[in-house]
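> Can you read through this structure? Questions will come right after.
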């Protein structure tokens with residue numbers, strides 16, 4: 044095991060895990076004598092296996108204890124990596140359809156995944172997005188307040204421009220870019236509520 048390469052994966056809780064020979068290890072600290080990174084087996088509580096890695100997190104430089112359980116199957120690890128990659132992409136790009144994100148990730152990795160696993164990944168993506176999105180408003184004032192808060196959010200941009208304009212203390216919302224608003228102000232004499240102008 045000494046000299047083995049470390050593959051870093053990001054699990055559900057967001058902290059890095061070191062994957063060595065199909066065993067997952069979580070970071071627990073530094074070794075005092077040489078500053079090597081200390082990783083403890085993360086699959087089972089009673090496992091005494093500890094690995095030490097270089098600060099670059101590339102190679103295993105020392106081992107203490109041994110694993111008293113079987114290694115995780117490669118299919119399970121691949122499924123976990125796929126799920127976390129898809130959840131991260133779903134959170135970053137809210138407007139992209141989950142099926143498109145899943146297909147893109149599957150094309151990158153060439154994994155053999157079952158249909159039930161795809162359903163599980165899709166559900167995890169929807170759950171992650173639900174945490175980001177605000178609840179449905181119960182009144183007009185709540186809706187306007189949510190739109191005013193969305194003005195500050197960088198997730199709702201069109202071509203890197205803010206497109207939700209909800210002035211404070213007003214009862215209307217304008218959904219367009221700043222360039223369109225400046226064009227309408229400079230070049231139009233009349234603007235109608237349905238979006239047409241003269």
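In the numbering used here, the protein residues as written are 44 to 241.
Beta carbons are placed, not taken as given, at the ideal position from N, Cα and C, and that holds for glycine.
Would you be able to state if there are at least three C-beta pairs under 8 Å between the stretch 183 to 201 and the stretch 145 to 161?
Judged by Cβ distances under 8 Å, the stretch 145 to 161 makes no contact with the stretch 183 to 201, as fewer than three pairs qualify.
> Per DSSP, what kind of secondary structure is residue 96 in: helix, strand or coil?
Strand at residue 96.
> Taking the C-alpha atoms as reference points, what is the distance between residue 73 and residue 100?
Cα-Cα distance, rounded: 12 Å.
> Round the Cβ separation of residue 191 and residue 209 to the nearest angstrom and send it over; I've been treating them as touching at under 8 Å.
Their Cβ separation, rounded to whole angstroms, is 5 Å, which keeps residue 191 and residue 209 in contact under 8 Å.
> Compare the Cα-Cα distances from residue 64 to each of 51, 57, 222, 70 and report the closest residue.
Comparing Cα positions, the closest option is 51.
> Between the Cα of residue 85 and those of 79, 117, 61, spot the shortest distance and give me the residue it belongs to.
Selected option, being the one with the closest Cα: 61.
> Just to confirm my understanding: we take residue 131, look at its own chain, exclude 5 residues before and 5 after, and list those with CB closer than 6 Å. What are they?
Nothing listed; no residue qualifies.
> Confirm, please, whether the CB-CB distance from residue 87 to residue 68 is below 9 Å.
Contact flag unset, no.
> Buried or exposed: residue 207, going by 16 or more other Cβ atoms within 10 Å of its Cβ?
Its Cβ being crowded by 16 or more others within 10 Å, residue 207 is buried.
> Exposed or buried, residue 171, counting other C-beta atoms within 10 Å across all chains shown (16 or more means buried)?
By the neighbour-count rule (16 or more Cβ atoms within 10 Å), residue 171 is buried.
> Are the beta-carbon atoms of residue 201 and residue 220 separated by less than 9 Å?
In contact: residue 201 and residue 220 (Cβ atoms closer than 9 Å).
> Would you kindly work out how many angstroms separate the C-alpha atoms of residue 93 and residue 54, rounded to a whole number?
Distance between the alpha carbons of residue 93 and residue 54 is about 19 Å.
> Mind checking residue 169: buried by the 16 CB within 10 Å criterion, or exposed?
The residue in question, residue 169, is exposed, as its Cβ has fewer than 16 Cβ neighbours within 10 Å.
> Is it buried or exposed for residue 145, if we count other Cβ within 10 angstroms and need 16 for buried?
Residue 145 comes out buried.
> Please name the residue, chosen from 149, 121, 165, that lies closest to residue 140 on a Cα-to-Cα basis.
When each option's Cα is compared against that of residue 140, the closest is 165.
> I need the straight-line Cα distance from residue 123 to residue 189, nearest angstrom please.
Going by the C-alpha atoms only, they are around 34 Å apart.
> Starting from residue 69, trace the beta strand (DSSP E) in both directions and tell me its first and last residue.
Where residue 69 is concerned, the enclosing beta strand (DSSP E) stretches over 66 to 73.
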